[in-house]
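If you read the protein sequences in the order shown, they are chains A and B. Read in my numbering, the first sequence has 313 at position 313, and its numbers run on one by one without any break. Read in my numbering, the second sequence has 214 at position 214, and its numbers run on one by one without any break. Don't be surprised by glycine CBs; every beta carbon is placed ideally from N, CA and C. Source: prediction; values computed, not measured.
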Amino acid sequence: MQNFDKILEIFSDRFNQFFPEKEDAKVLFSLYIKNHENPDKLIFSESEVRELIRKHYKEDSESEKEQRKKFFDRLQRLLSSNFLERAEARQHFFLSQYSKQLCLLFYQRIKPLLNPSEIERTLNDVLQTLKTNSNDIVSFNHWFEKDFKGKLETELANQTIALEFHIKNLRDDLSEKSKTMDLLEFSQHINKEMDSVVEQRIKLTQAFNGLDSISDTLSACGLEKSGDFDFFQKVGILKEMLNIYRNKLDKGGDEILRIKGFATNIFDIIDKKPFYRKFETFFFTVLENSRTEKISTRHDSEGTLFFVSDIKLPDFVEDLETVKDLPTEYLFPEFYENFSESKNQKVESQEKNQEKLNEAARRSKQRRHQAERIEYWLGNLKEKIRDKKELDYADFYLEMLNEEQDIELAIKGTEHILKTLRNENFLLEPTSDFSFNPNQPNNAIWNIRIKKHS
Amino acid sequence: MEHPNQETFLNLSSYNFERFAEADNLLRSGVHIQNHKSQRKIFDFIEDNINPLKSFYERLYKAKLYEQPTVDNKYFYLDATETQNKVLNKVKLDQPTTLFAIFLFWLHKVEKRFSFHLTKQELVEILNSNHRIKPHIHKLYFTTEKEDTISVQRTLENWTNNSLNKLEKLGWVYFSEDDEKEKFEILPAFERIATIFNEVIYDIDNIKTNYDLQNQ
Chain A
1 MQNFDKILEI FSDRFNQFFP EKEDAKVLFS LYIKNHENPD KLIFSESEVR
51 ELIRKHYKED SESEKEQRKK FFDRLQRLLS SNFLERAEAR QHFFLSQYSK
101 QLCLLFYQRI KPLLNPSEIE RTLNDVLQTL KTNSNDIVSF NHWFEKDFKG
151 KLETELANQT IALEFHIKNL RDDLSEKSKT MDLLEFSQHI NKEMDSVVEQ
201 RIKLTQAFNG LDSISDTLSA CGLEKSGDFD FFQKVGILKE MLNIYRNKLD
251 KGGDEILRIK GFATNIFDII DKKPFYRKFE TFFFTVLENS RTEKISTRHD
301 SEGTLFFVSD IKLPDFVEDL ETVKDLPTEY LFPEFYENFS ESKNQKVESQ
351 EKNQEKLNEA ARRSKQRRHQ AERIEYWLGN LKEKIRDKKE LDYADFYLEM
401 LNEEQDIELA IKGTEHILKT LRNENFLLEP TSDFSFNPNQ PNNAIWNIRI
451 KKHS
Chain B
1 MEHPNQETFL NLSSYNFERF AEADNLLRSG VHIQNHKSQR KIFDFIEDNI
51 NPLKSFYERL YKAKLYEQPT VDNKYFYLDA TETQNKVLNK VKLDQPTTLF
101 AIFLFWLHKV EKRFSFHLTK QELVEILNSN HRIKPHIHKL YFTTEKEDTI
151 SVQRTLENWT NNSLNKLEKL GWVYFSEDDE KEKFEILPAF ERIATIFNEV
201 IYDIDNIKTN YDLQNQ
């Protein structure tokens, strides 16, 4: 098994509460692996156990007598704690059923060790239970101990350890392979291995991003307003723990970058380095000498606002031309009569096309109407604030919503209006209070004070 | 197959001739065909019938079916042999997409040599954070360097989406079907970018010097 020492570390850390000493855990798991690799090997001699104890306790400097005494003490401890049992043959031992179960539990987790989707699943479960337990402090404390610490934190710890383990494996593997493989073979190997680690890390990051929902749920729960000291203390601990694991994940990312940098240098030696260096110069020369003919105003497309630029590349960049020949009739239609219909040819009925056109026209009309109304409300707001020092946007929002009866318009309008005001140097001060319309209880808005810039 | 004048002008292999219609449609749509899982059957068909197909396109379309080698295989594409080809239409890739294609090739070959797959999000992040690229891109799209606002993000996403869709139609990138068009793969035929700009690339040091002098 590769990186066995690292695995032993993980095992002993994970189960340290079960064993008197971490080293005991290492001894037992080593015996288990010996048994796993050679299923006939169930019984171990005293000298085999002694060798493992000596190896993991690392006490070579002691005298033979002292070592022997300690060995018997430790062996006795493993026997009395029922981790080891005596075999029929004299001075021989075997792993107890209890030890085997413990080791098996861990062993089964080694292969799929890195499994970001497990975090997501656990996170979903824990979030569900948080929602039902965040109304009173007793339920919340129970959730904190059982679900957060018992489930989610364990899973986060597992996965960050697994990522470290994965990266270490990669480094060791690359160091080893670089000794035997030729450069081309080695570079291909690097490509394959790096992709896997990078992908795992990205998935893990995505899974970690979901942790924000815990903080969001906590901020929105009833206890947040109760001022309960115990609650705030626990939330503080929770946030601190999440930060610890986020930092570990970041460290993993840095480590991957370092390996990547190292690997890139090796690859450059054998690849078309000069050509790609020139290509790089080409790219940056194009970039530096490109210009914009005009930047059109923002286009409103399905609720997204973006700029469109008419980019003109420098003259030395020739046009990139490709054939594009899709005639309505093929030159020799008889050719195609006996051939299968192309997958690229979509056959759509006239009615369906008409439906799509109608829907597109309806959406376009709706967008135009919304844009006009938003401009109207912006003007209306500016009118209102002209004679006042400040204005509460929430009241204005509810007025707009009541009159228009269109939540989409109200939200889009709010985004546009607040951006415009910010650009025009109005001061926008959000508060922690919110308002809502009793007719639309699911739609609330934070109270935002709009002030003229002094 | 015989033309009404009884001349036999396309002898295809008997075991996969039925792929002709699709292959022809793709080639004349400007798609590059390579030995990738998404195009394997068409690639095999073209490879098996390369000579009759070359002759077919030369005689009927005044076009050449190119066979371009890559590191480990090859790709095919169709191009007109004459500048003024009345039978076969050609289109120019718009300049923002051309710039994006050059950026992507640089990213793939220089910066991200160890990633066969990229995501749109990754590209937007690089465009919006790489200190060598960001100032130029922001100058082109927003006149000056801007804060990372939603509209900045969406502008870059929009450019990335549009460009990738066009490159996908040329058979230069491939979106994994199960990934909601977020993760994509650079296909071997994307090497054509380097081939097209080959001469300029080799002469880039002189070109750059001239431009730098002009700009002084």
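According to DSSP, residues forming a beta bridge with residue i
i	result
residue 292(A)	311(A)
residue 185(B)	117(B), 174(B)
residue 392(A)	449(A)
residue 444(A)	436(A)
residue 80(B)	63(B)
residue 149(B)	Paired residues: none, contrary to the question.
residue 33(B)	76(B)
residue 92(B)	321(A)
residue 68(B)	75(B)
residue 94(A)	43(A), 85(A)
residue 72(A)	Partner(s): none; residue 72(A) has no beta bridge.
residue 427(A)	451(A)
Candidates the options: closest to residue i by CA position
i	options	result
residue 187(B)	139(B), 83(B), 101(B)	101(B)
residue 53(A)	40(A), 44(A), 71(A)	71(A)
residue 434(A)	419(A), 392(A), 354(A)	392(A)
residue 135(A)	148(A), 169(A), 23(A), 217(A)	217(A)
residue 168(A)	148(A), 294(A), 194(A), 185(A)	194(A)
residue 157(A)	87(A), 23(A), 122(A)	122(A)
residue 203(A)	221(A), 174(A), 139(A), 253(A)	253(A)
residue 42(A)	97(A), 57(A), 23(A), 13(A)	97(A)
residue 404(A)	389(A), 294(A), 377(A)	377(A)
residue 95(A)	137(A), 408(A), 314(A), 35(A)	35(A)
residue 379(A)	49(A), 223(A), 398(A), 417(A)	417(A)
residue 51(A)	38(A), 37(A), 26(A)	26(A)
residue 432(A)	163(A), 140(A), 397(A), 449(A)	449(A)
residue 137(A)	226(A), 425(A), 355(A)	226(A)
residue 67(B)	89(B), 215(B), 51(B)	51(B)
residue 111(B)	126(B), 45(B), 185(B)	126(B)
residue 363(A)	408(A), 189(A), 275(A), 382(A)	408(A)
residue 125(A)	214(A), 192(A), 166(A)	214(A)
residue 204(B)	443(A), 314(A), 415(A), 234(A)	314(A)
residue 29(B)	77(B), 201(B), 152(B), 124(B)	77(B)
residue 316(A)	213(B), 199(B), 216(B), 215(B)	199(B)
residue 32(A)	360(A), 101(A), 69(A)	101(A)
residue 186(A)	174(A), 284(A), 196(A)	174(A)
residue 424(A)	401(A), 451(A), 149(A)	451(A)
Neighbouring residues, chain B, relative to residue i (Cβ below 9 Å)
i	result
residue 287(A)	99, 102, 103, 132, 133, 136, 137, 140
Residue i: contacting residues in chain B (beta-carbon distance under 7 Å)
i	result
residue 276(A)	109, 110
residue 311(A)	95, 96, 99, 140
residue 306(A)	151, 154, 155, 158
residue 290(A)	99, 140
residue 283(A)	102, 103, 106
Neighbouring residues, chain A, relative to residue i (Cβ below 8 Å)
i	result
residue 196(B)	318, 320
Within chain B, the residues that residue i reaches when beta carbons sit closer than 8 Å
i	result
residue 280(A)	106, 110
residue 19(A)	Within 8 Å Cβ-Cβ: nothing; residue 19(A) doesn't reach chain B, min ~41 Å.
Contact with chain E by residue i, beta-carbon distance below 8 Å
i	result
residue 89(A)	The chain inventory of the structure shown lacks chain E, comprising the protein chains A and B.
Taking only runs of the alpha helix (DSSP H) that begin and end inside the segment 116-143 of chain A, which ones reach a length of at least 4 residues, in chain order?
116-133, 137-143
Please identify, using Cβ separations under 7 Å, the residues of the segment 408-422 of chain A that lie next to chain B, in order along the chain.
Against chain B - using a Cβ distance shorter than 7 Å - the segment 408-422 of chain A contributes no residues.
So if I threshold CB-CB distances at 8 Å, which residues from the segment 198-214 of chain B count as touching chain A?
200, 201, 202, 204, 205, 207, 208, 211
Alpha helix (DSSP H) runs wholly inside the segment 14-63 of chain A, at least 4 long, in chain order
22-37, 46-57
Where the segment 165-194 of chain B meets chain A: residues whose CB sits under 7 Å from a CB there
170, 194
Proximal residues, the segment 75-98 of chain B versus chain A, C-beta separation under 7 Å
Result list: 78, 79, 80, 88, 89, 90, 91, 92, 93, 95, 96, 98.
Interfacial residues, the segment 118-134 of chain B to chain A, with Cβ spacing under 9 Å:
119, 122, 132, 133
Jot down the residue ranges of each uninterrupted alpha helix (DSSP H) in the segment 177-215 of chain A, minimum 4 residues, whole runs only, in chain order.
183-209
To test your reading of the DSSP string, which unbroken alpha helix (DSSP H) runs of 4 or more residues are found completely within the segment 219-258 of chain A?
Taking only runs of at least 4 residues, the alpha helix (DSSP H) segments lying wholly in the segment 219-258 of chain A are 223-226.
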